[in-house]
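Asks: Can you keep this structure in mind? I'll have questions shortly.
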Amino acid sequence: MADHGHSQQEIADRIDAPPGRGVLRDVVYGGIDGSVTTLAIVAGVAGAGLSPFVIVALGLANVLADGFSMAAGNYSGTKAELDNIRRIRAIEERHIRLYPDGERGEVLEILYRKGLSGRVLEQATDAITADRDTWINLMIEGEYGLGSVDPHPLKAAAATFAAFVVAGMVPLVPFLLGVEGAFPASVLMTLGVFFAIGAMKSRWSLAPWWRSGLETLAIGGAAAAIAYLVGSLFHP
Numbered sequence: 444m445a446d447h448g449h450s451q452q453e454i455a456d457r458i459d460a461p462p463g464r465g466v467l468r469d470v471v472y473g474g475i476d477g478s479v480t481t482l483a484i485v486a487g488v489a490g491a492g493l494s495p496f497v498i499v500a501l502g503l504a505n506v507l508a509d510g511f512s513m514a515a516g517n518y519s520g521t522k523a524e525l526d527n528i529r530r531i532r533a534i535e536e537r538h539i540r541l542y543p544d545g546e547r548g549e550v551l552e553i554l555y556r557k558g559l560s561g562r563v564l565e566q567a568t569d570a571i572t573a574d575r576d577t578w579i580n581l582m583i584e585g586e587y588g589l590g591s592v593d594p595h596p597l598k599a600a601a602a603t604f605a606a607f608v609v610a611g612m613v614p615l616v617p618f619l620l621g622v623e624g625a626f627p628a629s630v631l632m633t634l635g636v637f638f639a640i641g642a643m644k645s646r647w648s649l650a651p652w653w654r655s656g657l658e659t660l661a662i663g664g665a666a667a668a669i670a671y672l673v674g675s676l677f678h679p
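In our numbering, the protein residues as written are 444 to 679.
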């Protein structure tokens, strides 16, 4: 993890523009799901002994349709999260207007649980409740446990779709190129994608890159194995 500066300006810039959760979750989620579902289709169809043409057709349909479906679902879910934050903000605005003393008491309790007490607690409460937006933001975080940075539905949806399509196309590449032994090549390439996604994910965690990669590899490999076994049951 890269260090960041601690000059007054650098600190102010970071606080003024917090990154929020970003799109890491959306990229990892879309990439893994795109690889898993497409390889599952490839493995299932190959297990059933069907032609490469069928594999490509079903694989492309999955990449585009399922990728769009996941992006739309992520957009709707993130938008619902954003709408909920707006609803809570409206509730807090109304409560502050109607019950200012009670809401001030909630600020006191939140700050007390953060370690403030005595005169410092009273002064901090006075300072926060003097500004309506600051007051509401503290309530949203302290009372509801929600972040201060609003999510971005379109950005989340775009990241999910892009990761799904890119990773989901990998299992189809050997079939599109007409490679001999396309199915084993597809499996190996996709397992490599699983490992790469897991290793990349370790950059934002404390787990070693190889452990994170093997964990994701195991998840994707298990899904592909299940699909292949199910498909083999229908082999003529």
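Virtual Cβ for every residue (Gly too), placed ideally from N, Cα, C. What you are looking at is a predicted structure, and each value in this text was computed from that prediction instead of being measured.
Tell me whether residue 494 counts as near the ligand FMN, meaning its Cβ is closer than 7 Å to at least one heavy atom of that ligand.
Replies: Here there are no bound small molecules, and the ligand FMN is not part of this structure.
Asks: So, at 7 Å on beta carbons, what are the nonlocal neighbours of residue 555 in its own chain, with the 5 sequence-adjacent residues on each side left out?
Replies: Position 112 of the sequence shown, counted from the first residue, corresponds to residue 555. Cβ neighbours of residue 555 beyond the five flanking positions: 564.
Asks: According to DSSP, is residue 724 part of a helix, a strand, or is it coil?
Replies: Lying outside 444 to 679, the shown extent of the chain, residue 724 is not represented and no answer is given.
Asks: Please classify residue 672: is it buried, with 16 or more other beta-carbons within 10 angstroms of its beta-carbon, or exposed?
Replies: Residue 672 sits at position 229 when you count from the first residue of the sequence shown. Burial call: exposed.
Asks: For residue 615, which three-state DSSP category applies?
Replies: Indexing the sequence shown from 1 puts residue 615 at position 172. Residue 615 falls in the helix class under three-state DSSP.
Asks: Closest to residue 481 by C-alpha separation, out of 657, 538, 636 and 676, would be which residue?
Replies: As a position in the sequence shown, residue 481 is number 38, starting the count at 1. It is 636.
Asks: Hey, how far is the Cα of residue 466 from the Cα of residue 519?
Replies: Here residue 466 refers to the residue found at position 23 when the sequence shown is read from its first residue. Here residue 519 refers to the residue found at position 76 when the sequence shown is read from its first residue. C-alpha separation (whole angstroms): 15 Å.
Asks: Looking only at its own chain, which residues have a Cβ that is under 7 Å from the Cβ of residue 572, when we skip the five neighbours before and after it?
Replies: Numbered from 1 along the sequence shown, position 129 holds the residue referred to as residue 572. So the qualifying residues of the chain are 547, 550 and 578.
Asks: Would you kindly work out how many angstroms separate the C-alpha atoms of residue 472 and residue 525, rounded to a whole number?
Replies: Within the sequence shown, residue 472 is the residue found at index 29, counting from 1. Within the sequence shown, residue 525 is the residue found at index 82, counting from 1. Roughly 20 Å between the two C-alpha positions.
Asks: Determine, using beta carbons only, whether residue 606 and residue 617 come nearer to each other than 8 Å.
Replies: Here residue 606 corresponds to residue number 163 of the sequence shown, with the count starting at 1. Here residue 617 corresponds to residue number 174 of the sequence shown, with the count starting at 1. Taking 8 Å as the Cβ cut-off, residue 606 and residue 617 do not qualify as a contacting pair.
Asks: Taking the straight line between their C-alpha atoms, what separation do you get for residue 468 and residue 528?
Replies: For this step, residue 468 is matched to residue 25 along the sequence shown. For this step, residue 528 is matched to residue 85 along the sequence shown. Cα-Cα distance, rounded: 20 Å.
Asks: Under the assumption that residue 499 contacts residue 619 (Cβ atoms under 8 Å), give the Cβ distance between them as a whole number of angstroms.
Replies: Position 56 of the sequence shown, counted from the first residue, corresponds to residue 499. Position 176 of the sequence shown, counted from the first residue, corresponds to residue 619. 6 Å between Cβ atoms; contact.
Asks: Can you name, in chain order, every residue of its own chain whose Cβ lies under 6 Å from the Cβ of residue 595, other than the five neighbours on each side?
Replies: Residue mapping note: residue 595 aligns to position 152 of the sequence shown, counting from 1. Here the set comprises nothing.
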